């Protein structure tokens, strides 16, 4: 292996091949569930260097774990503990190669931090609408390889829908220059979407051409109390009809989830939650003016109150108030952590079936696991719930997790699949859900995926063991 | 082969296996460029029957050409002339399996005629926004397998972006039940987008879950004279900014293209074209009201006139006027045919580079091919031009085509690629552009495509020779 390390040092420069010291930032996953050990952390500075690193590793039969900001939630970007894998960090590749305003695109390197791209777009007079909790640390390459979701999917889609073209280093170390500012291109198979969401198991995304959108003239946030999830779904339908594409956010939050925010962050004012089982946060982005946005919002909420979908509502008066409302929503995860250990699920269900799913699955869990507390919230507009399970208030949470996690997962995932849903809506598969995928996804789909993996990465060196397991071709 | 025919008759019923009589509807391509000869035309009535047909053909080593409405423009859905291929027609599978209003989806079988789906959606109170010239005959399965574009891509995307899930019969005759009403699902590789746009070469799409959108409260159409393509691009930017997602159509038409409509269809009133080199058709879909839509449109056009992007404009007063304006746009292709033979190109270029592309390529063609007449029009909002070349007015058009078509294609495609464009924006590859693709697409991309084709269709029996050529595995 020393030969390979020497080659890598020659390729990217000795200072960019890390083998000593504290490599936790690269070897420990974001949620601290898994600590690996890398043969080396390699930080190439260009696409040509990435290609050379891949070629060297392929020749040596050494596997590669690509890594961006290492903020993934499914243990997909840290090495195993064998000490035989290379972590290939894209962090040094953070150039914005081009902004094309007339084409509404920007071409960026994989290591660009998401928040920096939002800022870059804003300075150029545009909106880059991808937005999620880790935006200060995550990279666009990671967003692409996991097809990240976030809070603006309802209007702008997942990362996949924001991407027009890719530059990829294949498992053979070839460079596919598929950067493109084209909105229509029917020249063969959709390689772009195959690499997006493949979590580094088919190749390494080194750059991308992403869509920009015009900045809205105004963005308003409202908070509504709804008497049930059925009413929340009805409100969503009304909002689609009356705000059209102006509807850029529709988040639902259960009473218990909000009570945790109120309990652990008493300085935050959580509106309306005491008297209603569910609250909804709505966002309306308007291309005309703030006055127009407010009129439309008030019209919608009046209609919703007339129809009984909404019992009470507030519209933020200014940006500070809007931020405060979003901050409540975004504080739920942290409030949950303050409350203690819990079991997280990132699931999606057709919107129409969510009320019945929650009703029946809540009942099931409560019946099977006495004292369980359900933290329900998520992107209802996308059918995406973070359906989390908090340990009982009076027991030992660690014991609860140890003894009950598998059972809880089985109950929840079985219910998800029975309702036509997905066991991973926006977080991906990584290592954490590989076994679940084998169990819950159709064998035909798994076989198709395995065929593709074997075709594009015959040595099984690209992030092996993630997403889909194949027999190791070895050497 | 008689054994296979017998098996197929048992599988789908003897009346649905056609071997005699006039099979032109299945064997002759839409633009009458290619007449093939099928071993048989098989019309299964269910997904199970499709799977059984594929299995029988695979066992016999007989290749399959899947076919929907047979309206494709690149000879992708008719058999070759060997008499050894099965045409598998999906026309009998035309059920709408489900409409889920709260989830904004409908699940439909591959053989549904596009226009019927538009009508079905409208009756349920929704809009199914895919719209294109062949909508009265084409099927959604064909739209999906070619990733069809059309006039609403600017706002709603290509067919790809309207699809949430697929049911597919693989090359092995297995059924992948990937129908899904989910807007987020990160459980592995994006099989859906791999089958969409693969033109039946990887498997057969038998059903799909498609997005619906709320019907707009009003839809207005405007027609503007612009002094140059640069001004058209500037107008597009203004329209994006001021109409936001309300901008659902942005078509550009050159003066010569419009003069052909005026010449061959004198009953049509073609507005404004006499005094301007380019006209633009804009469509504004509004979730509020017709008054609001009109106000926003007039505001936009006033602003555009102040800035010099637009020299004159009309907004349709009623639906009949709007239809008349769209009808002019849609009559260009037919007017071209009336004028005589011509060479068609369906290309895309980043929007920002279109003016320079047209300027330089017009000059190039005029210099190399004296008397050539350029018919320029297309979906400027998507960067998609139908950049067509009409034979000189005074010569023999058939001779022109025979002697000049290859040269013209080379000049145009070289220019397209030099401007970062695609040689097939929305029509696909089929047989017609297979050789062009090999020439113009990156070898790395072609190798990736070949690997995928070989992995998913190892016998090369699914629409062989289309999109990408592989060594025939044979039997």
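Residue numbers (this note's numbering), protein chains in the order written: chain A, 2 to 476; chain B, 2 to 476. Backbone N, C-alpha and C define an ideal beta-carbon position, used for all residues, glycine too. Everything numeric in this text was worked out from a predicted model, so none of it was measured.
Under the 9 Å criterion on CB atoms, residue 81/B is classed as non-interfacial with respect to chain A.
Contact note: residue 185/B reaches chain A through 150, 154, 159, 349, 380, 383, 384, 385, 423, 426, 427, using a C-beta cutoff of 8 Å and chain order.
The DSSP-derived three-state label of residue 93/A is coil. A direct Cα-to-Cα measurement between residue 253/B and residue 96/A gives close to 35 Å.
Rounded to the nearest angstrom, the gap between the Cα atoms of residue 403/A and residue 173/B is 43 Å.
For the set 191/B, 351/B, 72/B, the Cα lying nearest the Cα of residue 185/A is the one of 351/B. If you check each beta-carbon in the segment 257–272 of chain A against every beta-carbon of chain B, none falls closer than 9 Å. Nearest neighbour of residue 326/B by Cα position, chosen from 280/B, 361/B, 305/B, turns out to be 280/B. Here residue 444/A is exposed. Its C-beta has fewer than 16 other C-beta atoms within 10 Å. Within the same chain, and ignoring the five residues on either side of residue 148/B in sequence, the residues whose Cβ sits closer than 8 Å to its Cβ are 159, 160, 161, 197, 198, 427, 429. Straight-line spacing of the CA atoms in residue 467/A and residue 308/B works out to 54 Å. The straight-line gap separating the alpha-carbon atoms of residue 389/A and residue 434/A is approximately 16 Å. Contact annotation for residue 182/B against chain A: 351, 421 [CB-CB distance below 7 Å, chain order]. Residues are counted here when their Cβ sits less than 8 Å from a Cβ of chain A; for the segment 94–114 of chain B these are 101, 102, 103, 104, 105, 106, given in chain order. Remark: three or more beta-carbon pairs, one from each stretch, lie closer than 8 Å, so the segment 64–77 of chain B and the segment 122–141 of chain B are flagged as touching. A distance below 8 Å between beta-carbons, with the five flanking residues on each side excluded, links residue 234/A to the following residues of its chain, in chain order: 352, 353, 355, 356, 381. Residues are counted here when their Cβ sits less than 8 Å from a Cβ of chain B; for the segment 189–204 of chain A these are 189, 190, 191, 192, 194, 195, 197, 198, 199, 203, given in chain order. Cα atoms of residue 122/B and residue 343/A: separation of roughly 43 Å, rounded to the nearest angstrom. The beta carbon of residue 132/A does not come within 9 Å of any beta carbon belonging to chain B, so the residue lies off that interface. Just so you know, the alpha carbons of residue 339/B and residue 230/B end up roughly 26 Å apart. Sequence-distant Cβ neighbours of residue 92/B in its own chain, meaning closer than 6 Å and more than five residues away, are 112. Chain B has no Cβ within less than 9 Å of the Cβ of residue 388/A. Counting only the Cα atoms, residue 349/B lies some 14 Å from residue 166/A. DSSP, reduced to helix, strand and coil, places residue 461/B outside both helices and strands of the structure shown, so it counts as coil. With a threshold of 16 other beta carbon atoms within 10 Å, residue 461/A meets it and is buried. For residue 243/B, the nearest beta carbon of chain A is closer than 9 Å to its own beta carbon. Rounded to the nearest angstrom, the Cβ distance from residue 13/A to residue 43/A is 6 Å, consistent with a contact under 8 Å.
The secondary-structure analysis by DSSP pairs residue 434/B with nothing; it has no beta-bridge partner. Distance from the Cα of residue 75/B is smallest, within the candidate group 52/B, 442/B, 34/B, for 34/B. Burial check for residue 362/A: the Cβ neighbour count within 10 Å reaches 16 or more, so the residue is buried.
DSSP places residue 351/A outside both helix and strand once states are collapsed to three, so it counts as coil. For residue 77/A and residue 419/B, the gap between their C-alpha atoms comes out near 38 Å. Assignment of beta strand (DSSP E) within the segment 92–123 of chain A, counting only whole runs of 3 or more residues, yields 97–101, 106–110 in chain order. Of all residues in the segment 162–183 of chain B, only 162, 171, 175, 176, 177, 178, 179, 181, 182, 183 place a beta-carbon less than 8 Å from a beta-carbon of chain A. Remark: fewer than three beta-carbon pairs, one from each stretch, lie closer than 8 Å, so the segment 175–191 of chain B and the segment 217–226 of chain B are not flagged as touching.
At a Cβ-Cβ threshold of 9 Å, residue 297/A and residue 246/B do not count as neighbours.
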